[in-house]
Amino acid sequence: MALLEVKDLKVRVEEREILHGLTLTVNEGQVHAIMGPNGSGKSTLSHVIAGKPGYEVTGGQILFRGEDLLEMSPDVRAAKGVFLAFQYPVEIPGVATMTFLRTALNAQRKARGESEYSTPDFLKKVREVSKSLGIPQDMLKRGVNVGFSGGEKKRNEVLQMALFEPSLCILDEMDSGLDIDALRIAADGVNALRSPERAMVVITHYQRLLNYIVPDVVHVMSKGRVVKSGGKELALELEASGYAQFEDAA
Amino acid sequence: MNVAVAKTGKGRAVSDLFTSAEARLPGSPDVIAVRREAFETYERLGLPHRRIEEWKYTDLRALVGEVLPLAASPDGAALKRAAEAVKAHAIAGASKLVLVDGVFAADLSDVKALATEAGFKTLREILDSEANPAASDLLQTVATDAVISLNAAMATDGVVVTIADGAQLSAPIQLIHVATATGASAFTRSHLRIGKGARATIVESFVAAGKTSGYHVNDAVVLWISDDADVAHIRLMDDAPDAVNITSQFVTVGANTKLNFFNMTTGAAVSRLQGFITLAGEGSELSANGVNLLQKTEHGDTTLVVDHAVPNCTSREIFRAVIDERAHSVFQGRIIVRPDAQKTDGKMMTRALLLSDEAEADNKPELEIFADDVSCGHGATAGALDESLLFYLKARGLPEKQAQALLIQAFVGEAIEQIADDGLREHVIGMAERWLERRS
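Protein sequences appear in the order of chains P and C. The first sequence runs 304 to 553 under this note's numbering. The second sequence runs 38 to 477 under this note's numbering.
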């Protein structure tokens, strides 16, 4: 059984159809890249998979390990192993990062019927992961993402990914707003999480990110559909020739 | 509408109440004369209603209707029930002073421990003392405010605490008001006098014993703080969900003094805290903050008048209201800057979080500035929880209620953070968490 199956998905936002029948299958252990021009529906797909309100699914389905994802609330999807790394992680003043991380991790574990992490185990794990991502400890005491740089916010997303150990990671424009050093640190963090049990969907406008996170499969999206799929060489091809050739195909 | 007729009915009910209570009210004949006068003022005015500007949003005639009879003095069984409530709400290490149904309960209080650090008497013993010609001053009132007049007329007891010049109190003094009498009123008045250079923490708690319900509390506090003092004053009103709590505070602050005040409302169907704080000495700093947590059809009113009477004082006010279901929050904040009070720095910020479409918030900030070299400002916002923040938390696995709770805690956090003492701050956070758990 595939980990994620998106079948003929049609999605509207305020009466305007954004996805016109998108189909995508992701298996465990795979890294898929979804590339496409602005407005092709890449971020919409990631939001609908995570359960963001404001999107109306008018057709098709999304199956996660064979279960209907669209019937689940966002927190249930998270507990089942779906993780969206936000393009623009929000700032939450007044909620300390450490409190947030522990509350979220334990909420997921509770939903799965697992025991809550003990505080020493949790702290040990957070320290290990944050160290490898170059996140200073005092950052974890601050409000979630409050005063974080663009790179720090993305590293915080990767930190959560490492802590929550999801089986499906969707990275929405992880490279936006990052300089090359920040991108390398974040990408190294993501690569460390690649495993045979975990799949990743990397959404990006530019090929640059895929030099750091090398995909198994590349899809090109245009006007709300996947118009071409191929191996990692497809990304290089796009870099050379641009998206224009697919505008007509869609 | 014939106002006089509307008032007569309420007036007569209280008149009977006063007559029947009079024999139980402490005081020498002089004191009783003062009470009668105060009671006549109340009778003339009746309960405050919406046509009285200061009570526009808290119409007690509509919300409360009648004043309940005076609670009986607590018997042994009542004191036993009160003891359990005291145990549940006591702050670790504090010197407790307990008033049960408006009567001081010596056996539940730490009078001996307190005696080493402060002077203590009950209001009752001072009022009853023939030798004290100034006793009736303790029942001073404001002729235009009916609830304060009613308090002066009916106050059965209270605490009178004197903290000496230079005293550095090692532990908080916690004044706990416990209600054990269902369907009755308690009237209390306390006086706290804090000496020059003294340092003290005063906590006031309002609680119900067990399932005590449908009672009224009318409390008054007179807090007088001398120069160079450092005072934390925390009020935690967690009365029964169908109780009424009307509290009036009169605070006078001397020179170069710091006063950090915090109020939290987590209980009562109808409540009003009206505070009148006068900065009477130069160079003082007032930090006045509060959180109202309201649900069901609760009505919570915080009315604060900060009077900058002299130059060079600072006041900071941070108030937060969380309003669920059909609850109604009122915040009226007035800053007065007298003609001489140059270099006044006064800021007031109030924010309301509306958790339902039927929740209501009224914000009425007022600046009355008569000096020309001052810095004063106020801000007010009202809104719902931020959907993008809620989604982020849910996408990380927090169920809706838990995500809301985390954001609500963050929202009230800015006010709660103003409490300097770690232990007290944690106590207040714990109360807010229990309120969140009670949300249906």
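Glycine included, C-beta positions come from ideal geometry on N, C-alpha and C.
CA-to-CA distance, residue j to residue i, given in whole angstroms
i: C:S393; j: P:R412; result: 30 Å
i: P:R380; j: P:R315; result: 21 Å
i: C:A33; j: C:S366; result: Nothing about residue 33 of chain C can be read from this structure; chain C reaches only from 38 to 477.
i: P:L306; j: P:K345; result: 19 Å
i: P:E476; j: P:E320; result: 22 Å
i: C:I355; j: C:E454; result: 10 Å
i: C:A277; j: C:H464; result: 19 Å
i: C:E509; j: C:S352; result: Look at the range of chain C in this structure, 38 to 477, and you will see that residue 509 of chain C is not part of it.
i: P:G450; j: C:V254; result: 46 Å
i: C:A115; j: C:L105; result: 19 Å
i: C:F298; j: P:A414; result: 41 Å
i: C:A417; j: C:R371; result: 13 Å
i: C:P475; j: C:A396; result: Inspection of the sequence shows that residue 475 of chain C is occupied by Arg rather than by Pro. Using only the alpha carbons, I get a separation of about 17 Å.
i: P:D519; j: C:Q446; result: 44 Å
i: P:A365; j: P:E374; result: A small correction: the amino acid at residue 365 of chain P is Ile; Ala does not occupy that position in the sequence shown. Distance between the alpha carbons of P:I365 and P:E374: 9 Å.
i: C:N300; j: C:V68; result: 31 Å
i: P:E540; j: P:G324; result: 25 Å
i: C:V40; j: C:N400; result: Reliability of the predicted coordinates at C:V40 is poor, the pLDDT of 36 falling under 50, and the value obtained from them is presented with this limitation in mind. Taking the straight line from one Cα to the other gives about 28 Å.
Within-7 Å CB hit, residue i to chain P
i: C:S352; result: no
i: C:K438; result: no
i: C:F356; result: no
i: C:A447; result: yes
i: C:G450; result: yes
i: C:A305; result: no
i: C:S393; result: no
i: C:F428; result: yes
i: C:G420; result: no
i: C:L443; result: yes
i: C:R476; result: no
i: C:G434; result: yes
i: C:N39; result: Confidence is the limiting factor: at C:N39 the pLDDT is only 34, short of 50, which leaves the residue's position unreliable, though a coordinate-based value still follows. It does not; no Cβ of chain P falls within 7 Å.
i: C:S425; result: yes
i: C:K431; result: yes
i: C:G467; result: no
Proximity test, Cβ basis, 7 Å: residue i and chain C
i: P:Q390; result: no
i: P:D475; result: no
i: P:K355; result: yes
i: P:I395; result: yes
i: P:Q440; result: no
i: P:P377; result: yes
i: P:A381; result: yes
i: P:L443; result: no
i: P:Q411; result: yes
i: P:V309; result: no
Buried versus exposed call for residue i [16 or more other C-beta atoms within 10 Å across all chains shown]
i: C:T56; result: exposed
i: P:R487; result: exposed
i: C:T294; result: buried
i: C:A153; result: The question names Ala, but residue 153 of chain C is Thr in the sequence shown. Its Cβ having fewer than 16 others within 10 Å, C:T153 is exposed.
i: C:I185; result: buried
i: C:T340; result: buried
i: C:G130; result: exposed
i: P:K355; result: buried
i: C:K133; result: buried
i: C:F157; result: buried
i: C:D361; result: buried
i: C:Q211; result: buried
i: C:Q205; result: exposed
i: C:K438; result: exposed
i: C:R161; result: buried
i: C:T181; result: exposed
i: C:P376; result: exposed
i: C:D194; result: buried
i: P:R430; result: exposed
Which runs of the beta strand (DSSP E) fall wholly inside the stretch 297–359 of chain C and span at least 3 residues, in chain order? Correct list: 307–316, 322–331, 336–345.
- Item | Cβ pair count under 8 Å reaching 3, the stretch 285–300 of chain C against the stretch 244–252 of chain C | Judged by Cβ distances under 8 Å, the stretch 285–300 of chain C makes no contact with the stretch 244–252 of chain C, as fewer than three pairs qualify.
Worksheet entry | Inter-stretch contact (C-beta, 8 Å, three-pair minimum) for the stretch 487–498 of chain P and the stretch 360–371 of chain P | The stretch 487–498 of chain P, when compared against the stretch 360–371 of chain P, does not touch it at the 8 Å Cβ threshold.
- Decide yes or no for the touch test of the stretch 456–475 of chain P against the stretch 394–410 of chain P: beta carbon pairs closer than 8 Å, at least 3 of them. At 8 Å Cβ cutoff, the stretches touch.
request  = Specify whether the stretch 232–243 of chain C and the stretch 256–265 of chain C touch according to this definition: at least 3 beta carbon pairs, one from each stretch, less than 8 Å apart.
outcome  = Touching, yes.
Inside the stretch 180–224 of chain C only - beta strand (DSSP E) runs reaching at least 3 residues | Whole beta strand (DSSP E) segments, 3+ residues: 196–200, 210–216.
Residue ranges of each beta strand (DSSP E) within the stretch 472–522 of chain P, 3 or longer: Along the stretch 472–522 of chain P, the beta strand (DSSP E) occurs as fully enclosed runs of 3 or more residues at 502–507, listed in sequence order.
| request: Can you check the stretch 254–294 of chain C for any beta strand (DSSP E) of at least 3 residues that lies completely inside it and give the ranges in chain order? | output: Listed in chain order, they are 267–274, 281–290.
With a floor of 4 residues, list each alpha helix (DSSP H) that falls wholly inside the stretch 346–406 of chain P, ordered by position along the chain. Whole alpha helix (DSSP H) segments, 4+ residues: 377–383.
Which runs of the beta strand (DSSP E) spanning at least 3 residues fall entirely within the stretch 357–437 of chain C, listed in chain order?
Here the runs fully enclosed are 365–374, 382–391, 397–406, 412–420.
Meets three-Cβ-pair contact criterion under 8 Å: the stretch 500–520 of chain P and the stretch 531–550 of chain P = With the cut-off at 8 Å, the stretch 500–520 of chain P and the stretch 531–550 of chain P touch.
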